[in-house]
Amino acid sequence: METLYKRSMEEKIKLEMIYVTKQGELSQRTVRIIEVRNSHILAYCYSKRQVRSFLKENVLSVLPVQKRGRNIGA
9 METLYKRSME EKIKLEMIYV TKQGELSQRT VRIIEVRNSH ILAYCYSKRQ VRSFLKENVL
69 SVLPVQKRGR NIGA
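For the sequence shown, this note's numbering assigns the number 9 to the initial residue and increments by one for each residue that follows.
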């Protein structure tokens, strides 16, 4: 995951993140990493439209956002 965080920061790549909230619920967010600290990640959250802080220990999965192409033709 650390490699993806770094790549997101350097190349401004959007990531899909699945994590556990403070209330113990699963949440999926599209984010762009701004900074990685010891215990948490600072990222712009596209659904909340603001910079948010995520505890590293609560992140379950992170993947690059897949760009959707157009289907042209029959």
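Even glycine gets a Cβ: it sits at the ideal position worked out from N, Cα and C.
- Distances from the alpha-carbon of residue 18 to those of 29, 51 and 63 put 51 closest.
- Residue 69 is classed as exposed because its beta carbon has fewer than 16 other beta carbons within 10 Å across all chains shown.
- Burial is judged here by how many other beta carbons sit within 10 angstroms of a residue's own beta carbon; residue 59 has fewer than 16 and is exposed.
- In chain order, 50 place their CB closer than 6 Å to the CB of residue 43, counting only its own chain and leaving out the 5 sequence neighbours on each side.
- Secondary-structure assignment with DSSP links residue 41 through a beta bridge to 51.
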